[in-house]
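**Student:** Questions regarding the structure given below will be posed in turn.
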Amino acid sequence: MKTIPEQGRSYEDVLHQLDTFACEDPAYKDGKTWSLVYYKDEEYTHFLGQAHEKFMSANGLNPTAFKSLKRFENDIVAFTAELLHADENAAGCVTSCGTESCMLAVKTYRDYARKTKGIRHPEIIVCETAHVAWFKGAEYFGVKVRTVPVDKDLKIDIAAVRRKINRNTCMLLGSAPEYPHGIIDDIVALGVLGEKYNIPVHVDACVGGYLLPFMVQAGANIPPFDFTVPGVMSMSADIHKYGFAAKGCSCILYRNLDLFRSQCFVHPDWPGGLFASPAFLGTRNGGAYAAAWAAIQANGRQGYVENAKKTMQVAEKFRCMLREIPELEIIGNPLCSLVAYRSKDPYNVNIFAVGDYMQQKGWHIDRLLHPDGLHAMITASHENVLESYFADLREAVDFVKGKPELAMAGEAATYSTVGHIPLKGIVRNTVLDTFSKSYKVSEGMIDLSDPSATSVGKADTLIRKIVMKDIRTPGYAKHLVQGAVAGVTTAATAVAATAAGIAYSAIKKRR
Ligand SMILES: Cc1ncc(COP(=O)(O)O)c(C=O)c1O
C-alpha cells in the first residue's frame with residue numbers, strides 16, 4: 287500500500303515525476319487519441335492553462351462570493367443560448383461535464399413531472415444509442431428508462447417512441463449527435479411528439495452543441511436540432527469538447543425558468559447558512575469557468591466556424607480513406623465529426639483484434655458494441671495523422687485477416703464475448719468485480735485483458751457443467767468454449783466467464 291512521503295519533496299522533484307507519469311498516457315498531442323481530448327496546439331493549451339491558473343483557487347460553490355465566476359457562468363450560459371437559438375426566457379447553468387448535465391436533466395424532469403402532473407413513477411424514453419449518462423442518471427434518481435431501438439438510419443425509432451409513451455413519461459430524449467455512431471436523431475419528429483403529448487424533449491448536444499451550429503454557419507446541411515424546434519425544452523452542450531475549453535465545463539439550458547427551478551436545490555434550515563445550488567457539485571474549481579470563458583473569447587465565432595470547416599474536411603477525408611479499405615465499412619451515415627466503422631466479415635476480420643493491433647501501434651481508439659466496431663471522434667488536428675493512421679489500419683486488417691482466433695486474445699476477447707453474451711448478469715458482475723477491485727487501496731490499474739479470479743472461477747464452473755452434461759455444442763458456442771478454456775488454462779483473458787456463459791446459454795437454448 288502506498289504511503290504519504292514522510293518529508294515533503296521539492297517542487298522540482300515532484301513536477302519531474304509528474305512528467306514521467308504523463309509519459310504513460312496516450313500521446314494526444316501527437317494526434318494518437320480519437321476521443322477524450324480536444325487538442326489544438328501547445329500555444330493554445332498554454333493560454334487555457336494561464337486562464338485556468340488565474341482562477342484555480344476561486345470557488346464556484348458560492349455564486350455570491352466570487353463575482354468573477356458568476357459573471358463567467360452568466361456569459362457562458364448566454365453565449366450557449368444564443369448559439370442554440372434559445373430566447374431571453376431561457377435559464378441554465380454551467381456544470382462540470384456532459385454527464386452532469388444529462389443527469390441533472392433526469393432529476394429535473396422527474397421533479398417537474400411530480401410537481402406539475404403528480405407522476406409518482408416517472409419514466410424517460412431514450413434511444414439505445416443515447417449516452418450512458420442517461421442510464422446512469424435514471425439509476426441514480428430512480429427513474430425508469432424505456433429504451434427504444436434505432437430505425438434503419440440508426441436514428442431513434444420515432445414510431446417506437448410513440449408506442450412507449452404513457453402517462454408516466456416525463457421526458458423524451460434525442461441526441462445531436464449520439465456518441466456511438468455520430469448520428470443526429472430526428473429532433474423535429476421528437477418535438478412533434480413532445481408537443482402532441484405535452485412531454486418535454488431534451489436534446490443531448492454535449493458533442494454537437496459547440497460544433498453543429500458552426501457547421502451550419504459554414505454552410506453544412508444539418509437538420510434542425512436546437513431550440514428552433516418547438517417541443518425542445520432543454521439542451522446540454524459541452525464547452526470542453528468542440529468549444530475547446532479546459533476539462534470541466536458543460537452547459538445545461540432550459541427553455542424557461544420554470545423548468546430550471548426543478549433542477550435547483552435549496553436548503554433554508556442548514557446551520558451552515560442559507561443554501562442554494564443549481565447543480566451537483568459543491569466546491570467547484572474556478573479555473574474551469576475561466577478557461578471556458580477564455581476559450582470562447584479567444585476562438586470567437588469566426589474561429590469556431592473555421593474550426594468547424596476544417597473538422598468537416600478532415601472527417602470527410604477520414605471517411606473517404608476508410609472506404610478504400612474493402613474489408614471495413616462505416617456504420618450509418620454520420621454527418622459530423624464522429625465516425626464508427628466495422629468489419630464486413632466479422633469472422634474473418636475481427637474488428638476488436640484490429641483495435642488491439644492499432645493499440646499496439648500507439649493509437650487510442652474506443653471500441654463499440656451492437657454492432658461491433660471502432661470509433662473516431664475527429665478534430666481538425668487529426669489532419670496531420672490521417673496518413674499514418676490509415677497505413678496502420680491497412681496493416682492491422684492484413685494482419686488480422688483469416689485469424690479468427692485473435693478474437694479470443696487481449697482486449698478483443700473481452701469485447702468479442704461481452705458484446706454477445708445473453709447472460710447480462712454475469713457480464714455485469716464480471717465487469718463490476720474487475721472494476722471495483724481496481725479501486726481497492728491495495729490495487730492499481732484496470733487491465734481489460736487481465737483475468738480476475740472470479741471470472742476464471744465462474745468460467746470453470748460453467749465449462750464443467752457443459753462438459754459434464756456431455757452436450758454437443760453448436761459451432762459458434764464451441765468456438766467460444768475453446769476461447770474460454772484457453773482463458774482459464776493460460777489465465778490470459780478476463781472474459782473466460784462470459785465466453786463460457788455464451789456457450790452455456792446457446793446450448794441451453796438448443797436443448
Ligand atoms: C452525446 C454525449 N452526451 C454526454 C456525454 C458525456 O460527456 P462527459 O464525458 O463530458 O461527461 C458524451 C461524451 O462523450 C456524449 O457524447
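Anchor point for the sequence shown: position 234 equals 520 in my numbering, and the numbering is continuous, going up by one each time. No residue lacks a Cβ here, since even glycine has one placed at the ideal position from N, Cα and C.
Note down the Cα distance separating E298 from L304, rounded to an integer number of angstroms.
**Tutor:** For the purposes of this step, residue 298 is identified with residue 12 of the sequence shown, where counting begins at 1. For the purposes of this step, residue 304 is identified with residue 18 of the sequence shown, where counting begins at 1. About 10 Å.
**Student:** Is Y590 closer than 8 Å to Y496 when the C-beta atoms are compared?
**Tutor:** Position 210 of the sequence shown, counting from 1, holds the residue named residue 496. Position 304 of the sequence shown, counting from 1, holds the residue named residue 590. Yes, these two residues count as a Cβ contact at 8 Å.
**Student:** When the distance is taken between beta carbons, is M457 closer than 8 Å to M422?
**Tutor:** Taking the first residue of the sequence shown as 1, we reach residue 422 at position 136. Taking the first residue of the sequence shown as 1, we reach residue 457 at position 171. What sits at residue 422 in the sequence shown is Lys, not Met. Cβ distance not < 8 Å, so K422 and M457 don't count as in contact.
**Student:** Between D544, V493, Y540 and V552, which lies nearest to A531 when the distance is taken from Cα to Cα?
**Tutor:** Here residue 531 refers to the residue found at position 245 when the sequence shown is read from its first residue. If we check each option's Cα against that of A531, V493 comes out closest.
**Student:** Considering E329, what are the terminal residues of the alpha helix (DSSP H) in which it resides?
**Tutor:** Your numbering for residue 329 matches position 43 in the sequence shown. Looking at the DSSP string, the run of the alpha helix (DSSP H) that includes E329 is E328 to K340.
**Student:** Ends of the beta strand (DSSP E) at L624?
**Tutor:** Your numbering for residue 624 matches position 338 in the sequence shown. Per DSSP, L624 belongs to the beta strand (DSSP E) from L624 to S629.
**Student:** Heavy atom of ligand 1 less than 7 Å from the Cβ of A419, yes or no?
**Tutor:** Locating residue 419 in the sequence shown gives position 133, where the first residue counts as 1. Yes - ligand 1 has a heavy atom lying nearer than 7 Å to the Cβ of A419.
**Student:** Can you tell me whether E414 sits near ligand 1, meaning its C-beta is under 7 Å from at least one heavy atom of the ligand?
**Tutor:** Position 128 of the sequence shown, counted from the first residue, corresponds to residue 414. No.
**Student:** Taking C-beta to C-beta, are P690 and N634 nearer than 8 Å?
**Tutor:** Counted from its first residue, the sequence shown places residue 690 at position 404. Counted from its first residue, the sequence shown places residue 634 at position 348. Taking 8 Å as the Cβ cut-off, P690 and N634 qualify as a contacting pair.
**Student:** If we count the other Cβ atoms within 10 Å of its Cβ and call it buried at 16 or more, is L369 buried or exposed?
**Tutor:** Taking the sequence shown and counting its residues from 1, the one referred to as residue 369 is at position 83. So L369 ends up on the buried side.
**Student:** Below 8 Å CB to CB, which residues in the same chain sit around D327 once its five sequence neighbours on both sides are set aside?
**Tutor:** Here residue 327 is taken as the residue at index 41 of the sequence shown, counted from 1. Counting only Cβ-Cβ distances below 8 Å, and skipping sequence neighbours, we find S667.
**Student:** I need the DSSP call for L679, collapsed to helix, strand or coil.
**Tutor:** In the sequence shown, the residue the question calls residue 679 occupies position 393. The answer is helix: DSSP assigns L679 an H, G or I state.
**Student:** For the beta strand (DSSP E) containing I856, name the first residue and the last one.
**Tutor:** With the chain covering 287 to 797 only, the question about residue 856 has no answer from this structure.
**Student:** Using CA atoms only, rank isn't needed, just tell me which of N454, T455 and V436 is closest to A446.
**Tutor:** For the purposes of this step, residue 446 is taken as residue 160 along the sequence shown, with counting starting at 1. Comparing Cα positions, the closest option is V436.
**Student:** Which residues bound the beta strand (DSSP E) around Y540?
**Tutor:** Mapped onto the sequence shown, residue 540 falls at position 254. Run containing Y540: S536 to Y540, per the beta strand (DSSP E) assignment.
**Student:** Out of C535, W579, V717 and S629, state which residue places its alpha-carbon closest to the alpha-carbon of F333.
**Tutor:** To locate residue 333, count along the sequence shown from 1; it is residue 47. Here the closest residue by C-alpha is W579.
**Student:** Starting from L457 and walking both ways along the alpha helix (DSSP H), at which residues does that stretch end?
**Tutor:** Position 171 of the sequence shown, counted from the first residue, corresponds to residue 457. In the sequence under discussion, the amino acid at residue 457 is Met, which differs from the Leu named in the question. No alpha helix (DSSP H) contains M457, which is instead part of the beta strand (DSSP E) from T455 to S461.
**Student:** Whether or not the region 471-491 and the region 511-522 are in contact is what I'm after, with contact meaning three or more pairs of Cβ atoms, one per stretch, closer than 8 Å; do they touch?
**Tutor:** As far as the Cβ criterion goes, the region 511-522 touches the region 471-491, which means the pair count is three or higher.
**Student:** Thinking just about the alpha-carbon of each residue, which of Y465, D472, P291 and T514 is nearest to the one in C623?
**Tutor:** As a first step, residue 623 is located in the sequence shown; it is residue number 337 there, counting from the start. The amino acid occupying residue 623 in the given sequence is Ser; Cys does not appear at that position. Minimum Cα distance to S623 is reached at Y465.
**Student:** Any idea which residues DSSP pairs V487 with across the strands?
**Tutor:** As a working mapping, residue 487 is identified with position 201 in the sequence shown. Paired residue(s): L458 and V518.
**Student:** Which residues in the same chain as K252 place their Cβ atom closer than 8 Å to its Cβ, once the five residues preceding and following it in sequence are excluded?
**Tutor:** Past the boundaries of the shown model lies residue 252; the chain is included only from 287 to 797, so the question cannot be answered.
**Student:** DSSP three-state call for V774: helix, strand or coil?
**Tutor:** Start at 1 with the first residue of the sequence shown, and residue 774 comes out as number 488. The predicted model places V774 with a pLDDT of 43, which falls under 50 and marks its position as unreliable; any figure quoted below should be read in that light. Residue state, collapsed to three classes: helix.
**Student:** Can you find a heavy atom of ligand 1 that lies under 7 Å from the Cβ of S548?
**Tutor:** Position 262 of the sequence shown, counting from 1, holds the residue named residue 548. Because no heavy atom of ligand 1 lies under 7 Å away, the Cβ of S548 does not count as near it: no.
**Student:** For ligand 1, I want to know if E425 counts as a neighbour, meaning its beta carbon is within less than 7 Å of at least one of the ligand's heavy atoms.
**Tutor:** Here residue 425 corresponds to residue number 139 of the sequence shown, with the count starting at 1. It does not: the Cβ of E425 is nowhere closer than 7 Å to a heavy atom of ligand 1.
**Student:** Select from V392, D439 and R432 the residue whose C-alpha is nearest the C-alpha of A419.
**Tutor:** As a first step, residue 419 is located in the sequence shown; it is residue number 133 there, counting from the start. Of the candidates V392, D439 and R432, the one whose C-alpha sits nearest the C-alpha of A419 is V392.
**Student:** On the three-pair Cβ rule with 8 Å, is the region 635-647 touching the region 597-606?
**Tutor:** At 8 Å Cβ cutoff, the stretches do not touch.
**Student:** Helix, strand or coil, according to DSSP, for G317 in the structure here?
**Tutor:** As a first step, residue 317 must be located in the sequence shown, where it is residue number 31. Of the three classes helix, strand and coil, the one that applies to G317 here is coil, per DSSP.
**Student:** How many angstroms separate the CA atom of M731 from the CA atom of I444?
**Tutor:** As a working note, residue 731 is residue 445 in the sequence shown. As a working note, residue 444 is residue 158 in the sequence shown. C-alpha separation (whole angstroms): 42 Å.
**Student:** Under 8 Å by Cβ, that's how I've got K450 and R432 pegged, so tell me the actual separation to the nearest angstrom.
**Tutor:** As a first step, residue 450 is located in the sequence shown; it is residue number 164 there, counting from the start. As a first step, residue 432 is located in the sequence shown; it is residue number 146 there, counting from the start. Yes, they are in contact, since the Cβ atoms of K450 and R432 sit about 5 Å apart, within 8 Å.
**Student:** Using the DSSP secondary-structure output, state which residues sit across from G659 in a beta bridge.
**Tutor:** Position 373 of the sequence shown, counted from the start, is the residue given in the question as residue 659. DSSP output for G659 lists L654 as bridge partner(s).
**Student:** At which residues does the beta strand (DSSP E) containing G378 begin and terminate?
**Tutor:** On the sequence shown, residue 378 is found 92 positions in, with the first residue counted as 1. Where G378 is concerned, the enclosing beta strand (DSSP E) stretches over A377 to T381.
**Student:** Mapping the DSSP letters down to three states, classify D544 as helix, strand or coil.
**Tutor:** If you number the sequence shown from 1, residue 544 lands on position 258. Residue state, collapsed to three classes: helix.
**Student:** Identify which residue in L679, H407 and I637 has its Cα closest to the Cα of A695.
**Tutor:** On the sequence shown, residue 695 is found 409 positions in, with the first residue counted as 1. Closest by alpha carbon: I637.
**Student:** Under three-state DSSP, which class holds T433?
**Tutor:** To locate residue 433, count along the sequence shown from 1; it is residue 147. Residue state, collapsed to three classes: strand.
**Student:** Under the rule that 16 or more other beta-carbon atoms within 10 Å means buried, what is G294, buried or exposed?
**Tutor:** The residue you call residue 294 lines up with position 8 of the sequence shown. Its Cβ having fewer than 16 others within 10 Å, G294 is exposed.
**Student:** Are P510 and V478 close, meaning C-beta to C-beta below 8 Å?
**Tutor:** In the sequence shown, the residue the question calls residue 510 occupies position 224. In the sequence shown, the residue the question calls residue 478 occupies position 192. Not in contact: P510 and V478 (Cβ atoms no closer than 8 Å).
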